[in-house]
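Line by line, the protein sequences are chains U and B. Residue numbering for the first sequence is 10 to 324, as defined by the numbering used here. Residue numbering for the second sequence is 22 to 301, as defined by the numbering used here. Using N, Cα and C, we set each Cβ at its ideal position, and we do this for glycine too. It should be emphasised that the depicted structure is a prediction, and the values quoted were computed from it without experimental measurement. One structure is given below, encoded as structure tokens.
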Amino acid sequence: MSLDFEKPILKLEEKLTQIKELASKSGKNLDEEALSIEKKINDLKKDIFSKLTRWQKVQLSRHPNRPYFLDYIYKMTDEFIEIHGDRFSKDDKAMVGGFAKVDGKAVMFIGHQKGRNTKERQFRNFGMANPEGYRKALRLMKMAEKFNKPIVCLIDTPGAYPGIEAEERGQAEAIARNIKEMTTLKVPVICIIIGEGASGGALGIGVGDKIFMMEFTWYSVISPESCSSILWRSWDYKEKAADALKLTSKDLLKQKIIDGIIKEPLGGAHNDPNKAAKMLKKKIVEELVALEKISPEKRINERINKFSSMGVTND
Amino acid sequence: MNWFKRNIKNIKTPTSKKKEAPDGMWHKTPKGSIIHIRELKNNSYVSPEDDFHFRIGSKEYFEILFDNNFYKELDENLSSSDPLNFKDRKSYKNRLSSSKKSTGLNDAIRTGVGKINGLSIIICCMDFSFIGGSMGSVVGEKISRAIDYSIKNKFPILIISKSGGARMMESTFSLMQMAKTSAKISLLSKEKIPYISLMTDPTTGGVSASFAMLGDFNIAEPNSLIGFAGPRVIKETIGSNLPKGFQKSEFLLDNGFLDFIVDRRNLKNKIYKLLRLLKD
Chain U
10 MSLDFEKPIL KLEEKLTQIK ELASKSGKNL DEEALSIEKK INDLKKDIFS
60 KLTRWQKVQL SRHPNRPYFL DYIYKMTDEF IEIHGDRFSK DDKAMVGGFA
110 KVDGKAVMFI GHQKGRNTKE RQFRNFGMAN PEGYRKALRL MKMAEKFNKP
160 IVCLIDTPGA YPGIEAEERG QAEAIARNIK EMTTLKVPVI CIIIGEGASG
210 GALGIGVGDK IFMMEFTWYS VISPESCSSI LWRSWDYKEK AADALKLTSK
260 DLLKQKIIDG IIKEPLGGAH NDPNKAAKML KKKIVEELVA LEKISPEKRI
310 NERINKFSSM GVTND
Chain B
22 MNWFKRNIKN IKTPTSKKKE APDGMWHKTP KGSIIHIREL KNNSYVSPED
72 DFHFRIGSKE YFEILFDNNF YKELDENLSS SDPLNFKDRK SYKNRLSSSK
122 KSTGLNDAIR TGVGKINGLS IIICCMDFSF IGGSMGSVVG EKISRAIDYS
172 IKNKFPILII SKSGGARMME STFSLMQMAK TSAKISLLSK EKIPYISLMT
222 DPTTGGVSAS FAMLGDFNIA EPNSLIGFAG PRVIKETIGS NLPKGFQKSE
272 FLLDNGFLDF IVDRRNLKNK IYKLLRLLKD
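And the structure:
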């Protein structure tokens, strides 16, 4: 599976594999040829990825090979113990959480989970959580607070699920409550967009002391497609909508909504998931160390001030 | 009775040529009751025949609620600055200026301090007529400042929601208003100051998924559309029709998400009684 703009890179990579195969079969020394193609690949990647449009970045955030919440957990942490259920009605498979050790320290990880194939995608409801998902997340956060463990939320959702049962069980109330409760959690909270950050579905686990985005992700009030369908009354203006919404990591850093960008390996996280996980882990560890030096009262005050000052108006 | 016989079949007048009664004199409810504007005004904009609640704005709510329609408006001139220079088929700047012109408002909410039967209160009331009552930075900031005012003066606060959700033209800034207003409400809770959230038709999206659902009392007008996702989106997602009464106030009350439903004609009295009770 690949995106259109990745195709020239894949073509060269195929060529490289062929040369390597030929070399090993024939015994000829083709190192020079291989090296020159490797260089070409690298240059091409750099070139393509330095010129990505906003819409292409949105596509990357949804790349079918992109690492998901559990991929990062298994790569970054040890002894992950998943904790299920909201203790009201259900266990939401689109929202996953549990304690795990990072560098020997216990942390509560919570995140949206997408599926890799059709069956998994259905099982995970495409990463769209229901109210029970948000309630499970809040239960886990309160548990972390009780045992004085920091919380890390990894966000990757196309939105909270818009369904009949979701409305019956109070989707709006569940998200609203999470947002409010997260502002006063006594433990450090870090929120990181690792894929898609769509609207209330993302914000429902998105209020913390520090907000980061991985390089090729988006975070906005609406997806470019839905925005196109509402404002342009057609699904065909998604590129324009993406530009208008200014929704990439770079845009949001400029708008001072996020605290930083976590770089991804060249070609995106899916090109080298191990390296991506390492870069993500490094940032989480660094930030947790820094946040733990601050007193809980000060952290809460700063968190509330941080969100209270967001927005631009004319007096 | 021959003259009642229709010679030409069907109605031939195109909709565009249909003659409407002059606006502002008579109003018609969906069930067909007709009522004169003066009578409507004296009845809190509720049809006396079938109890239909007409959609009204902050001006009318303030009239209904504040004693003698006397109040001090807060942050009257706060307006949006189009931080993203947003443009779709129309520029956001144009949308703002034409909305300001047609509504006489500066944004989709007005906040005021006054009294209800002698009790001091802050009322924030959204205006659906201003870009669908959508929440951008101005709505967030005005609510935020109203809450500051409430904390400072220990006045209870009533927020009347009427909104399609967050305002797309301010993108992530709009989304963050959900966090901003909720953060402020957590401060209000800490001070134990009562917050009543009145949801009216419609209250959806980012507004319902933040401050509107966070009242100490979550109440609603009858038959109002209240939900997270809009009915059209849900219908498209699940691919079938929605049950009757879905996402209406009565549905939310049944599912346990509203404290009570209040007829607009009793609104002032009920709020007064509730606040009085908490004060005793």
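Interface criterion not met: the Cβ of phenylalanine 149 (chain B) is under 8 angstroms from no Cβ in chain U.
At least one CB atom of chain B sits nearer than 8 angstroms to the CB of cysteine 236 (chain U). Secondary structure note for alanine 299 (chain U): its alpha helix (DSSP H) is the uninterrupted segment 282-301.
Under DSSP, cysteine 200 (chain U) forms a beta bridge with U:Cys162 and U:Ile220.
At a Cβ-Cβ threshold of 8 angstroms, methionine 319 (chain U) and phenylalanine 194 (chain B) count as neighbours. Serine 171 (chain B) is positioned such that its CB atom lies closer than 8 angstroms to that of isoleucine 143 (chain B).
Per DSSP, valine 228 (chain B) is not a residue of any beta strand (DSSP E); the alpha helix (DSSP H) it occupies stretches across 226-229. Of B:Lys30, B:Thr124 and B:Met189, the smallest CA-CA separation from phenylalanine 107 (chain B) is found for B:Met189.
A contact between stretches requires three or more CB pairs, one per stretch, nearer than 8 angstroms, and the segment 113-123 of chain U meets this requirement with the segment 74-82 of chain U. Here methionine 137 (chain U) really is in contact with glycine 168 (chain U); their C-beta atoms are around 6 angstroms apart, less than 8 angstroms. Residue environment: isoleucine 90 (chain U) is assigned as exposed (fewer than 16 neighbouring CB atoms within 10 Å of its CB, all protein chains considered).
The beta carbon of proline 167 (chain U) sits no closer than 8 angstroms to any beta carbon of chain B.
For the segment 199-224 of chain B, the beta-carbon criterion of a distance under 7 angstroms to any beta-carbon of chain U is satisfied by Met199, Ala200, Lys201, Ser203, Ala204, Lys205, Ile206, Ser207 and Leu208. Per DSSP, the continuous beta strand (DSSP E) segment holding tyrosine 92 (chain B) begins and ends at 92-95. With respect to the 8 angstroms criterion, lysine 122 (chain B) and phenylalanine 87 (chain B) are not classified as neighbours on the basis of their beta carbons. When C-alpha distances from isoleucine 152 (chain B) are compared across B:Ile292, B:Ser112 and B:Arg27, the shortest belongs to B:Ser112. Taking 8 angstroms as the CB threshold, valine 67 (chain U) stays off the interface with chain B.
Not a single C-beta of chain U is nearer than 8 angstroms to the C-beta of threonine 132 (chain B). Check the Cα spacing between lysine 163 (chain B) and each of B:Asp128, B:Leu196 and B:Pro177: the tightest is with B:Asp128. Its Cα nearest to that of asparagine 98 (chain B), the residue B:Gly125 stands out among B:Thr258, B:Gly125, B:Ser65 and B:Tyr216. In the DSSP assignment, the residues bridged to glutamate 91 (chain U) are U:Gly107. Among the residues facing chain U, lysine 108 (chain B) is included, as its CB has a counterpart in that chain under 8 angstroms away. If the five residues before and after aspartate 237 (chain B) are omitted, its C-beta is found closer than 6 angstroms to the C-beta atoms of Pro215 and Tyr216, all from its own chain and listed in chain order. Taking 8 angstroms as the cut-off, the beta carbon of leucine 289 (chain U) is found no closer than this to the beta carbon of isoleucine 267 (chain U). Contact note: glutamate 162 (chain B) reaches chain U through Gly320 and Thr322, using a C-beta cutoff of 7 angstroms and chain order.
A distance below 7 angstroms between beta-carbons, with the five flanking residues on each side excluded, links tryptophan 244 (chain U) to the following residues of its chain, in chain order: Glu234, Ser237 and Ser238. Taking a contact to require three or more Cβ pairs closer than 8 angstroms, the segment 98-111 of chain U and the segment 133-150 of chain U qualify as touching. For serine 141 (chain B), same chain residues with a beta-carbon under 6 angstroms away, outside a window of 5 residues either side, are Phe176 in chain order.
Look at asparagine 63 (chain B) here: in three-state DSSP terms it is helix.
Exclusion of the five residues before and after asparagine 239 (chain B) leaves Ser218, Leu279 and Asp280 as the residues of its chain whose Cβ lies within less than 6 angstroms of its Cβ. Beta-bridge analysis with DSSP links valine 116 (chain U) to U:Ala109. Within the model, the alpha-carbon separation for asparagine 310 (chain U) versus leucine 208 (chain B) is close to 10 angstroms. DSSP places histidine 48 (chain B) within a strand segment (E or B) once states are collapsed to three. Within the same chain, Cβ atoms closer than 6 angstroms to the Cβ of lysine 292 (chain U) are found at Ile271, the five residues on either side in sequence being excluded.
Here the alpha carbons of proline 243 (chain B) and valine 198 (chain U) stand approximately 40 angstroms from one another. Looking only at U:Val161, U:Ala299, U:Asp260 and U:Lys255, the smallest Cα-Cα distance to methionine 85 (chain U) is reached by U:Val161.
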